[in-house]
Amino acid sequence: MSNSRIKGKLRTLRCDLGFLKRADASASYEQGKAIVWCSINGPGDVMASKRLTMKMLVEISNRHVNDQDTKKLVDTLVNPIVEHAIERTKNPRTTLVITLQEMNRDGEYAPVAINSACLALLDAGIEMRYIFCAVCISYGNGVFTVDPDSVALSEAEARFIFIFKPSITDLGGKVIGCDASGVYTMEIYKEALNYARHSALKIFDFYRVKIQEKLAASLRIAG
Amino acid sequence: MAQVFLPGETITLPSSSNSDPKVGKGITKKKNGELVSVQPGILQQAENMIFMNVYSRRYIPQEGDKVIGVVTSKGGDTFKVDIGAADLAQLSFLSFEGATKRNRPNVKSGDLIYGTITIASKHTEPEMSCVEKEDLRAHCMGVLPAGGFVFKVSLNLARRLLAQNSIITLLGNSAKFESTIGMNGRVWISAFDTVQTLAIRDIILESEKIYESELPMFVNQKIRSMRGVFPSLNAANKMEVDNS
Chain A
1 MSNSRIKGKL RTLRCDLGFL KRADASASYE QGKAIVWCSI NGPGDVMASK RLTMKMLVEI
61 SNRHVNDQDT KKLVDTLVNP IVEHAIERTK NPRTTLVITL QEMNRDGEYA PVAINSACLA
121 LLDAGIEMRY IFCAVCISYG NGVFTVDPDS VALSEAEARF IFIFKPSITD LGGKVIGCDA
181 SGVYTMEIYK EALNYARHSA LKIFDFYRVK IQEKLAASLR IAG
Chain B
1 MAQVFLPGET ITLPSSSNSD PKVGKGITKK KNGELVSVQP GILQQAENMI FMNVYSRRYI
61 PQEGDKVIGV VTSKGGDTFK VDIGAADLAQ LSFLSFEGAT KRNRPNVKSG DLIYGTITIA
121 SKHTEPEMSC VEKEDLRAHC MGVLPAGGFV FKVSLNLARR LLAQNSIITL LGNSAKFEST
181 IGMNGRVWIS AFDTVQTLAI RDIILESEKI YESELPMFVN QKIRSMRGVF PSLNAANKME
241 VDNS
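In order, the protein sequences belong to chains A and B.
Residues in the first sequence are numbered consecutively from 1, following the UniProt record's numbering.
Residues in the second sequence are numbered consecutively from 1, following the UniProt record's numbering.
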């Protein structure tokens, strides 16, 4: 779109599913230069003290996240979003262990981690209520930047992270999570949300392509 | 035509199929009759049933599945067997052919067991048995023979190996070995020596990515390289399918 208010686009997405041989499921997800690995083990055994009688316990660990801002995003955004998307009543008294490890930081960690977790969950074949994806938009000097890298982020006045689940009615999806920081008005927020929706569509398409690739051999057999 | 669905997607069946099919694994029926998939996979239709073919590595116990387990401990009248699921399965001493209270089966910790899951529910620990319920005979279940090698595969590959004309049959034309396949993704192979056993394991693992129609050629190539025949760059040689 020839809109001078928006700059940049979603960075190149790359993903390797099932690359860890010892884990039940894994995803090595790259968004531009940012890389986050996610591994999933389960449903497995859990100690009596941690066991939940009616639901599966979901333990998410974000390794080596040291800065305060990211820690806050992990607690308020990454962990709840991932946990709630999983259908937990089918395997009570078990545990699903999800480990997210940041291999390279370029821009915000949280959206890349969320997308990586969703891809790993798809690789695991675990029952989920919906799939989800996260998009980051930054705003500065009257211009929005889609999926900012570290340089663009450092120059931003405001930064928004939107998390979507697919929807037939809303373009891009329904918003199920959001974090906004910086100085902005409601108009800026709404415009950022609008730009984020277009990127969300691309990320959901990427998920579909990756899963189709993975199931390619089975698809041929099934006819 | 097979189609991939992601969780949360509505499934629309082609108009030619049954309009009210029985719903199987990976799909739920919402109150308004809408079919929604809950697991990522390929939609399969058989007769009037629909279900998702999901790729998974983690076993979830199902009644009637024949699985390979490892005995971890004995307690009271039961063995505890690790079948690769969240809970250990219980195997009673009496669930072996010819076992009585006086005549206990010769099973130690660490032994490999091939048995059937008799009870499986999300609320209880699974139970298994090494005899068929109808006639109390073993039908090849029980402790696996010594020697041999167990390795883990995905559940999909295990199901594929158990199908009619699987790679096991093709390999059997050229190599001599015994095999047992558990629905929990565990495969036991026993061949003449270690080298052959590992070669067969490698062939099975690689076959996961090969399309059904290309399997015979793939097996031939692999058997030839196992026997030390160098791959030929001559195009004519590549088309040759030989059973030597």
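No residue lacks a Cβ here, since even glycine has one placed at the ideal position from N, Cα and C.
Keep in mind that this is a model prediction, so the values were computed, not measured.
Practice task
Give a yes or no on whether the minimum CB-CB distance between K122(B) and chain A is below 8 Å.
Solution key: yes
Practice task
Might you give, ordered along the chain, the residues of its own chain that have their beta carbon closer than 6 Å to the beta carbon of G173(A), omitting 5 neighbours on each side?
Solution key: F164, K165, P166, S167, A200
Exercise for the section: Please confirm if R51(A) has its CB atom under 8 Å from at least one CB of chain B. Expected result: no
Handout entry: Neighbour flag for T99(A) against chain B, beta carbons, 8 Å
Key = no
Exercise for the section: Would you grab the beta carbon distance between A120(A) and A27(A) for me? Rounded to a whole angstrom, and I think it's under 8 Å. Expected result: 4 Å
Practice task
Within 10 angstroms of the Cβ of M141(B), are there 16 or more other Cβ atoms? Answer buried if so, exposed if not.
Solution key: buried
Handout entry: Assigned secondary structure, F192(B) (DSSP; H/G/I helix, E/B strand, else coil)
Key = coil
Problem - T100(B) - DSSP class collapsed to helix/strand/coil - result: coil
Handout entry: Neighbourhood of D170(A) by C-beta distance below 7 Å, restricted to the same chain and skipping five residues each side
Key = none
Handout entry: Cβ pair I189(B), L161(B) closer than 8 Å
Key = no
Problem - Short Cβ contact (8 Å threshold) for I113(B) with G147(B) - result: no
Exercise for the section: Give the C-beta separation of F144(A) and E191(A) to the nearest angstrom, bearing in mind that I take them to be a contact with Cβ-Cβ under 8 Å. Expected result: 7 Å
Problem - When S95(B), A158(B), T116(B) are compared against L136(B), the one with the closest alpha-carbon - result: S95(B)
Practice task
Answer yes or no: do A138(B) and V131(B) have a C-beta to C-beta separation smaller than 8 Å?
Solution key: yes
Exercise for the section: Express the C-alpha separation of E63(B) and N103(B) in angstroms, rounding to a whole number. Expected result: 28 Å
Exercise for the section: Starting from residue 248(A), find everything on chain B with Cβ-Cβ shorter than 8 Å and list it in chain order. Expected result: Since the first and last residues shown for chain A are 1 and 223, residue 248(A) lies out of range.
Handout entry: beta strand (DSSP E) segment containing T95(A), residue limits
Key = 95-104
Practice task
Would you please verify whether the beta carbon of I131(A) is less than 8 Å from any beta carbon of chain B?
Solution key: yes
Exercise for the section: Taking I210(B) as the reference, give the member of V187(B), L157(B), A175(B), K176(B) with the closest Cα. Expected result: L157(B)
Handout entry: Where residue 227(A) meets chain B, residues with beta-carbon distance less than 9 Å
Key = No statement about residue 227(A) is possible, as the shown extent of chain A runs from 1 to 223 and does not include it.
Exercise for the section: Count the other C-beta atoms from every protein chain shown that fall within 10 angstroms of the C-beta of Q164(B), then say buried if there are 16 or more, exposed otherwise. Expected result: exposed
Exercise for the section: Consider the Cβ of I42(B): report whether some Cβ of chain A lies at a distance smaller than 8 Å. Expected result: yes
Problem - Alpha-carbon spacing of R159(B) relative to V219(B), whole angstroms - result: 18 Å
Handout entry: Length at least 3, wholly inside the segment 80-158 of chain B: the beta strand (DSSP E) runs in chain order
Key = 89-92, 112-121, 124-129, 149-152
Problem - Presumed contact (8 Å Cβ cut-off) between A175(B) and I117(B), rounded CB distance - result: About 30 Å separates the two Cβ atoms, so there is no contact after all.
Handout entry: CB of Y130(A) within 8 Å of CB of G41(B), strictly
Key = no
Exercise for the section: Could you tell me which chain A residues have their CB closer than 9 Å to the CB of P126(B), listed as they occur along the chain? Expected result: By Cβ distance, chain A contributes nothing, its closest Cβ being about 12 Å from P126(B), past 9 Å.
Problem - Simplified DSSP assignment, three categories, for Y29(A) - result: strand
Handout entry: Beta carbon of D111(B) nearer than 8 Å to that of V150(B)
Key = no
Handout entry: Interface residues of the segment 99-130 of chain A facing chain B [CB-CB below 9 Å]
Key = L121, L122, D123, A124, G125, I126, E127, M128, R129, Y130
Practice task
Note down, in chain order, each residue of its chain lying with its Cβ closer than 8 Å to the Cβ of residue 229(A), except the 5 sequence neighbours on either side.
Solution key: The displayed coordinates of chain A run from 1 to 223. Any statement about residue 229(A) would go beyond what the structure contains.
Handout entry: Sequence-distant residues of its chain with Cβ nearer than 7 Å to M128(A) (five each side left out)
Key = A85, I86, E87, L121
Problem - Cross-chain neighbours of G69(B) in chain A, by beta carbon under 9 Å - result: In chain order: nothing, as chain A lies at least about 15 Å away.
Exercise for the section: For my contact list, I81(A) and I114(A) are in at a C-beta cut-off of 8 Å; report their separation, rounded to the angstrom. Expected result: 6 Å
Handout entry: Top-ranked residue by Cα proximity to L193(A), from M47(A), I161(A), Q101(A), K210(A)
Key = I161(A)
Problem - Residue-level contact to chain A via CB, Q39(B), 8 Å cutoff - result: yes
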